[in-house]
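First residue of the sequence shown: 948, per the numbering used here; consecutive thereafter.
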Amino acid sequence: MSAILEKTPPVRRRRGPVAAHAPLIDRAALRAELKALHAGDRLNGDTRKNVIALFRAALERGRAAAYEALLNRGDGLACAGQIAHIEDELIRAIHEYVTTYIHLAEGDGASSKCCVIAAVGGYGRATLAPGSDIDLLFLLSDTSRAYGERVVEAVLYVLWDLGQKVGHSTRSVEECLNEAKADMTIRTSLLEARFLLGERSLFETLRTRFEREIVAGTAAEFVAAKLAERDARVARAGRSRYLVEPNVKEGKGGLRDLNTLFWIAKYVYQVREAADLVGVGLFSRGEYKLFCRCEEFLWRVRCHLHFLTGRAEERLTFDHQRQIASLLGYSTRAGLASVERFMKHYFLIAKDIGDLTAIVCAALEEKQAKPYAELDRFRPGRRTPDLASTGDFTIENGRVTVAGPEVFARDPVNLIRLFWVADRNGLAIHPDATRFVTLSLKRVDAKLRANVEANRLFLGILTSRHSPEIVLRLMNEAGVLGRFVPEFGRIVALMQFNMYHHYTVDEHLLRAVGNFSDIEQNKIRGEHSLAGEVLPSIRNRTAVILALFLHDIAKGRMEDHSLAGTAVAHALCPRLGLSPADTETVAWLVENHLIMSDTAQRRDLSDHKTITTFANRVQTLERLKMLFILTICDIRAVGPGVWNNWKSELLRTLYWETQVVLAGGHSTVDRKRRVAQARAELRRALPTWTDLDFEAYAARLPQPYWLKTDLAQKLLHAKLSNMTEVDEAPAPVTHIAADRDRGVTALTVIAPDHPRLLSIIAGACAAAAANIVDAQAFTTTDGMALDTIFISRAFDFDEDELRRAAKIALTIERAMAGEIRLPDLVAAKGGLSTASPETFRHHPEVSIDNTLSNRFTVVEVSGLDRPGLLFDLTTTLSRLNLNIASAHIATFGEKAADVFYVTDLSGAKITSPEQQEVIRSLLLKTFARPTLAAS
948 MSAILEKTPP VRRRRGPVAA HAPLIDRAAL RAELKALHAG DRLNGDTRKN
998 VIALFRAALE RGRAAAYEAL LNRGDGLACA GQIAHIEDEL IRAIHEYVTT
1048 YIHLAEGDGA SSKCCVIAAV GGYGRATLAP GSDIDLLFLL SDTSRAYGER
1098 VVEAVLYVLW DLGQKVGHST RSVEECLNEA KADMTIRTSL LEARFLLGER
1148 SLFETLRTRF EREIVAGTAA EFVAAKLAER DARVARAGRS RYLVEPNVKE
1198 GKGGLRDLNT LFWIAKYVYQ VREAADLVGV GLFSRGEYKL FCRCEEFLWR
1248 VRCHLHFLTG RAEERLTFDH QRQIASLLGY STRAGLASVE RFMKHYFLIA
1298 KDIGDLTAIV CAALEEKQAK PYAELDRFRP GRRTPDLAST GDFTIENGRV
1348 TVAGPEVFAR DPVNLIRLFW VADRNGLAIH PDATRFVTLS LKRVDAKLRA
1398 NVEANRLFLG ILTSRHSPEI VLRLMNEAGV LGRFVPEFGR IVALMQFNMY
1448 HHYTVDEHLL RAVGNFSDIE QNKIRGEHSL AGEVLPSIRN RTAVILALFL
1498 HDIAKGRMED HSLAGTAVAH ALCPRLGLSP ADTETVAWLV ENHLIMSDTA
1548 QRRDLSDHKT ITTFANRVQT LERLKMLFIL TICDIRAVGP GVWNNWKSEL
1598 LRTLYWETQV VLAGGHSTVD RKRRVAQARA ELRRALPTWT DLDFEAYAAR
1648 LPQPYWLKTD LAQKLLHAKL SNMTEVDEAP APVTHIAADR DRGVTALTVI
1698 APDHPRLLSI IAGACAAAAA NIVDAQAFTT TDGMALDTIF ISRAFDFDED
1748 ELRRAAKIAL TIERAMAGEI RLPDLVAAKG GLSTASPETF RHHPEVSIDN
1798 TLSNRFTVVE VSGLDRPGLL FDLTTTLSRL NLNIASAHIA TFGEKAADVF
1848 YVTDLSGAKI TSPEQQEVIR SLLLKTFARP TLAAS
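In structure tokens form, the structure reads like this:
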């Protein structure tokens, strides 16, 4: 059997980064200095300090040299190899020091070899990130175990004194084998074991027995464990490889995926080096080169990330992305910022790693080391496969593949037909077929793009009632989608540098299409009851799906993406066979895809002018239905936790109100009917209330309240309102609830309304450095405010989060009682900004509009969000003697977009240009200082 464990010290890399340069740690010089320190002296405290200082200085010099080489030459793999070599030499020097000056070898010196030190785990691959742990196996012989354990202890103490993070185990050969049988993690670490020092024959015994007793005949077991481990790891780090803040090590498409590929290949194919995978036929030379490029790039990013943060940071966050983009030499070009170009490269690498994973998994299926894959395991009952009449496709191991490598050359339409067949039959695509696709991508040219049959098949995939998202993603990862629709190719792996969107643009679009399919197939039960009713009534589902596919396709350009997207729609839709009328519908949806979300979240839906303005823009009931479905699918595709019940209620209210206007204007009658239904629903949910009590309570609630809140909120408000009935002059009542799924905490306040209530609530949040991300406010007919504020979660545990929220609630109650001054509390916090201007750049904007409402002046404010911003804005408006009738607070990642409906103290609009300019100027100034409390 071929060797599984490493035989050769110290570096296993394809290049020789260390040999080409001067030693990073000079062991001979260290030996001389240590000898001088111990000349004529016995070991004492000062000597030990000096010894540690010598080792620390050598370590720091070596790491500094490795970092300098990384900056100068930019080779991440070489840097990781150099840092591993530094640790190798350091450990050898420490071991020599221990056996020379602390625990002298006994007898003829053979006992000094009783302890073998081997690098295992990641360190065993002879690549080490600057902040990573050092994983060591101390392999002891049975003859001199006691002496070996003393040496191990002394070596570890020196490493700990140097601040090294050491993961270690001390075992005999027999113990290693027993542990490896029971624990797959230990088995994997031994698979990577690399000899450092000691008695090589002892290490060889472990290697030989490991191969014979552990590896032989257990490939399927190992593969299953590693793939299950990968699935669990990816689930923790985020299932998509296109998350905009990826985990370089653990995320999907990260270094650990490459490690897993090599572990599996090494175990199954019994090879030592990644280069050997070409010889066993797993990779072609081109695929092996791709493996190397991916590995080097990720190591480059990871090493920079560790050096930059000074710790083992694996998450590539927004603030680090901009810095690393600069270090790697990316520049702004063609409408893309340097950081966006860097992250586009990152995501393309992650995609390449996905391709390599598919190749390895397919090969394992051939060796029967893993079960076959499916396209969509949720699809009911398979029919007999329909492989089209061309005879160019066949089924192999449950996957659709090509009959031969010539099928794409003979008929390039097969490059689209392959995916159509996969979707039609619910079959996964064989990686061999995918390989042939990637080798034939040049055939996806202007001629194929103009081919009627190719466009018909593509539209069939896009509008499929089966698994369009899955098949489109396969097309995207194979490179076909971006070439067949070049405009889509421009946004492949393109990230939007903000905290709102969780995925790259192409991933967002594919998820949006998938959301349409999920609603249509009723896969999302209970969340979209109205959407489930509306969608089947849409006459032109093709237009909606195409609009979802195209709505962000013009991102990354200099011009507005909604307007630029309409030009794409006008060009693509006729090519796909749509009529001029349908093309105009798609173009209109793309141009207006944001207006329903924007209106629902940032306008007063109880203001009739809001509804009529929106209805005038939409014009027809059919457009309203399509825009409603498109908006839901779009928001859900932004990222986890972005869609919530509140947004659902807002969109539902806007839909019903607009539908009534478009249907003939009988809004009052229809609204009364829906209010009556909501009242009846709440009455049924309060069976212990008397009819008299319920009617008295319900009469106090404004009509918009019934339409804009869900049942859970209504029940909470009813309970809290009962608590205010005790006193004639009720004190404020507060309620807190942690929402782990959304990552927020809800703070509800019921209190007598007055102009500064919102400012008081915002100030209490600012004093606790709590960032408000959403708000909802109502006022009853007898002057009670029902306000709900959502703040960003700060703690992992609900108990800690609720404790913080309780302090905020107490602060609100004390401020309303006049016991404390909020400006003083906020000022005591100093600068509250948490978003670095160097990370995100949003120029603040203020607009003042008197046409959006018949009764109020609408003030819109947007800019970089921070804790305390809403307090500053509301305080400014109060100081300007403006009455805030309603506020609509929205946060899109790091960007605040707040809207205030205001009047002057007499209840009139703000019409004076001079007064408007004063308002605008003072609101803009709030973005230039930490908090108004200091002024």
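Even glycine gets a Cβ: it sits at the ideal position worked out from N, Cα and C.
A direct Cα-Cα distance of roughly 38 Å separates residue 1371 from residue 1605.
The criterion of a C-beta distance shorter than 8 Å is not satisfied by residue 1297 and residue 1426. Secondary structure of residue 1442 (DSSP, three-state): coil. Taking every protein chain shown into account, the CB of residue 1814 has 16 or more other CB atoms within 10 angstroms, so this residue is buried.
Excluding sequence positions up to five before and after residue 1196, its CB lies within less than 6 Å of the CB of 1202, 1203 and 1261, all in the same chain and listed in chain order. The C-beta distance from residue 1503 to residue 1538 rounds to 18 Å, too long to fall under 8 Å, and the pair is not in contact. About 5 Å separates the beta carbons of residue 1063 and residue 1150, which is inside the 8 Å limit, making them a contact pair. Annotation: residue 1832 to residue 1804 spans about 10 Å, alpha carbon to alpha carbon. Around residue 1830, the same chain offers 1702, 1849, 1850, 1851, 1852 and 1854 as residues with beta carbons nearer than 8 Å, after the five sequence neighbours per side are excluded. Between residue 1598 and residue 1547, the CB-CB gap stays under 8 Å. Between residue 1363 and residue 1431, the beta carbon gap of about 7 Å places them in contact (Cβ cut-off 8 Å). Residue 1665 and residue 1595 have their C-alpha atoms roughly 21 Å apart. Here residue 1178 carries a helix assignment [DSSP, helix/strand/coil].
Counting C-beta atoms within 10 angstroms of its own C-beta, residue 1462 has 16 or more neighbours from the protein chains shown and is therefore classed as buried. The C-beta distance from residue 1498 to residue 1581 rounds to 7 Å, short enough to fall under 8 Å.
Just measuring C-alpha positions, the residue of 1034, 1847, 1551 and 1691 sitting nearest residue 1743 is 1691. Taking each of 1029, 1761, 1021 and 1454 in turn and checking the Cα distance to residue 1007, the smallest one comes out for 1029.
Residue 1033 places its beta carbon less than 8 Å from that of residue 972.
Non-local beta-carbon contacts of residue 1769 in its own chain, meaning distances under 6 Å to residues more than five positions away in sequence, involve 1710 and 1762 in chain order.
Residue range 1731–1739 is occupied by the beta strand (DSSP E) that includes residue 1731. DSSP places residue 1402 inside the alpha helix (DSSP H), whose first and last residues are 1399–1409. For residue 1871, same chain residues with a beta-carbon under 7 Å away, outside a window of 5 residues either side, are 1791 and 1793 in chain order.
Assignment of alpha helix (DSSP H) within the segment 1525–1598, counting only whole runs of 4 or more residues, yields 1527–1538, 1542–1549, 1555–1565 and 1568–1583 in chain order. Contact annotation: the segment 1639–1649 touches the segment 1720–1728, with at least three C-beta pairs closer than 8 Å.
No Cβ-Cβ contact shorter than 8 Å links residue 1759 with residue 1823.
If you compare the alpha carbons of 1024, 1593 and 1806 with that of residue 1737, the shortest gap goes to 1593.
By the beta-carbon neighbour count (other beta carbons within 10 angstroms, threshold 16), residue 1342 is exposed.
Judged by DSSP secondary structure, residue 1481 falls within the alpha helix (DSSP H) whose first and last residues are 1476–1481. Contact fails between the segment 1082–1102 and the segment 1166–1176, because fewer than three Cβ pairs, one in each stretch, are under 8 Å apart. Bridge partners of residue 1343 according to DSSP: 1346. Residue 1810 carries a strand assignment under DSSP once its states are collapsed to helix, strand and coil. For the pair of segments examined, the segment 1207–1216 was found to touch the segment 1224–1243: the number of CB pairs separated by less than 8 Å reaches three. The beta carbons of residue 1311 and residue 1161 sit no closer together than 8 Å. Taking residue 1557 as the centre and dropping the five residues before and after it, the same chain places the C-beta of 1546, 1550, 1551, 1799 and 1800 closer than 8 Å to its C-beta, in chain order. Beyond the five residues adjoining it in sequence on each side, residue 1662 comes within less than 8 Å, by CB distance, of 1629, 1632 and 1633 in the same chain, given in chain order.
Residue 1470 carries a coil assignment under DSSP once its states are collapsed to helix, strand and coil.
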